[in-house]
Amino acid sequence: MNKILAVALSATLSLLSIGCTTTQPITQTLPEPVAPTANLVKTHLAYYWVHSPDFGQMLTTISGQFYWQDYCLYLLNREGKFVPTFPELPKDAVYWNEQDKTLTMTNKDRPPKQFTFKMGDVIYTNGRIIDKKNIDMNNKSPEIQKCLASASGIAELGTIDIEKYDMSDKR
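This note's numbering puts the first residue of the sequence shown at 55, with every later residue one more than the last.
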């Protein structure tokens with residue numbers, strides 16, 4: 055028994071010593087860090103607060119042509135270039151399609167109607183214009199501040215009375 059144990063111990067020690075002397079150390083190389091991918095830049099829509107979906111929007115009329123440039127949506131009219139803002143309520147009344155550069159607005163009719171605007175289309179709706187000098191820039195997101203830098207102010211567009219004019223055949 056001692057002889058078997060001695061042979062087994064001897065064989066184990068020889069395998070261990072051979073294994074330790076013949077194996078090459080593994081050097082682990084870590085891949086170089088990859089630069090983080092750039093954030094996907096998207097057009098940022100701005101909203102204004104209304105107390106309820108049924109009231110709180112201006113009833114005066116505003117019109118203009120939608121225009122997109124450098125991830126900013128604008129409303130162009132005879133008074134200048136404005137960053138359009140939309141009522142925060144009702145939720146999902148305004149949708150921007152980044153790929154197609156289209157803006158879909160849902161009005162307040164029962165049943166509601168949807169209007170999809172391509173860039174260049176004209177909108178007539180309720181709303182008002184706020185001149186840039188009357189805007190508190192500290193309350194605006196960096197994205198909106200960037201868009202306002204080249205604009206005359208803000209156009210608060212409403213969803214009470216929307217009319218759309220397709221201008222694609224007029225170009």
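For every residue, glycine included, the Cβ atom is placed at its ideal position computed from N, Cα and C.
For the alpha helix (DSSP H) that Ile198 lies in, which residues bound it at each end?
Here residue 198 is taken as the residue at index 144 of the sequence shown, counted from 1. Start and end: Pro196 to Leu202.
If you count every other CB in all the chains shown that lies within 10 Å of the CB of Val95, and 16 or more means buried, which is it?
The residue given as residue 95 occupies position 41 in the sequence shown. Burial call: exposed.
Going by the CB atoms, is the gap between Thr213 and Trp150 shorter than 7 Å?
For the purposes of this step, residue 150 is identified with residue 96 of the sequence shown, where counting begins at 1. For the purposes of this step, residue 213 is identified with residue 159 of the sequence shown, where counting begins at 1. Not in contact: Trp150 and Thr213 (Cβ atoms no closer than 7 Å).
Alpha carbon to alpha carbon, what distance is there between Asn161 and Asn180?
The residue given as residue 180 occupies position 126 in the sequence shown. The residue given as residue 161 occupies position 107 in the sequence shown. The straight-line gap from Cα to Cα measures roughly 11 Å.
Decide if Met159 is buried, meaning its Cβ has at least 16 other Cβ atoms within 10 Å, or exposed.
Working through the sequence shown from its first residue, we reach residue 159 at position 105. The residue is buried, with at least 16 neighbouring Cβ atoms inside 10 Å.
Out of curiosity, what's the CA-to-CA distance linking Gly207 and Gln199?
Taking the first residue of the sequence shown as 1, we reach residue 207 at position 153. Taking the first residue of the sequence shown as 1, we reach residue 199 at position 145. If you take the alpha carbons of Gly207 and Gln199, they lie about 10 Å apart.
Please find out if some non-hydrogen atom of the ligand PLP comes closer than 6 Å to the beta-carbon of Leu113.
Although the ligand PLP was asked about, the structure shown includes no ligands whatsoever.
Can you tell me the Cβ-Cβ gap for Phe140 and Val148, rounded? I've got them flagged as a contact below 8 Å.
Translated into positions along the sequence shown, residue 140 becomes position 86. Translated into positions along the sequence shown, residue 148 becomes position 94. Correct: roughly 4 Å between the Cβ atoms.
Return the CA-CA distance between Tyr219 and Thr170, expressed in angstroms with no decimal places.
Counted from its first residue, the sequence shown places residue 219 at position 165. Counted from its first residue, the sequence shown places residue 170 at position 116. Their backbone Cα atoms lie some 10 Å apart in a straight line.
Length of the line joining the Cα atoms of Glu210 and Lys172
Taking the sequence shown and counting its residues from 1, one reaches residue 210 at position 156. Taking the sequence shown and counting its residues from 1, one reaches residue 172 at position 118. Distance between the alpha carbons of Glu210 and Lys172: 19 Å.
Distance CB(Trp103)-CB(Glu142) smaller than 7 Å:
To locate residue 103, count along the sequence shown from 1; it is residue 49. To locate residue 142, count along the sequence shown from 1; it is residue 88. Yes, Cβ-Cβ distance for Trp103 and Glu142 is below 7 Å.
For Gln119, which option in Pro138, Pro196 and Arg182 has the closest C-alpha, if you only look at C-alpha atoms?
In the sequence shown, residue 119 corresponds to position 65, counting from 1. The candidate whose alpha carbon is nearest that of Gln119 is Pro138.
According to the neighbour-count rule (16 or more other Cβ atoms, all chains shown, within 10 Å of its Cβ), is Ala205 buried or exposed?
Position 151 of the sequence shown, counting from 1, holds the residue named residue 205. Ala205 comes out buried.
Please state if the CB of Thr115 and the CB of Arg182 are separated by a distance shorter than 7 Å.
Position 128 of the sequence shown, counted from the start, is the residue given in the question as residue 182. Position 61 of the sequence shown, counted from the start, is the residue given in the question as residue 115. Not a contact, by the Cβ cut-off of 7 Å.
Expressed to the nearest angstrom, what Euclidean distance is found between the alpha-carbon atoms of Pro165 and Glu217?
On the sequence shown, position 111 is the one that residue 165 refers to. On the sequence shown, position 163 is the one that residue 217 refers to. Computed Cα separation, rounded: 16 Å.
Nearest to Ser117 by CA position, among Lys145, Lys186 and Asp175, is which residue?
For the purposes of this step, residue 117 is taken as residue 63 along the sequence shown, with counting starting at 1. Checked all of Lys145, Lys186 and Asp175; the closest Cα to Ser117 is Asp175.
Would you call Tyr128 buried or exposed, if buried means 16 or more other Cβ atoms sit within 10 Å of its Cβ?
Counted from its first residue, the sequence shown places residue 128 at position 74. Its Cβ being crowded by 16 or more others within 10 Å, Tyr128 is buried.
Which residues in the same chain as Ile189 place their Cβ atom closer than 8 Å to its Cβ, once the five residues preceding and following it in sequence are excluded?
Residue 189 sits at position 135 when you count from the first residue of the sequence shown. Excluding sequence neighbours, Ile189 sits near Leu202, Gly207 and Ile208.
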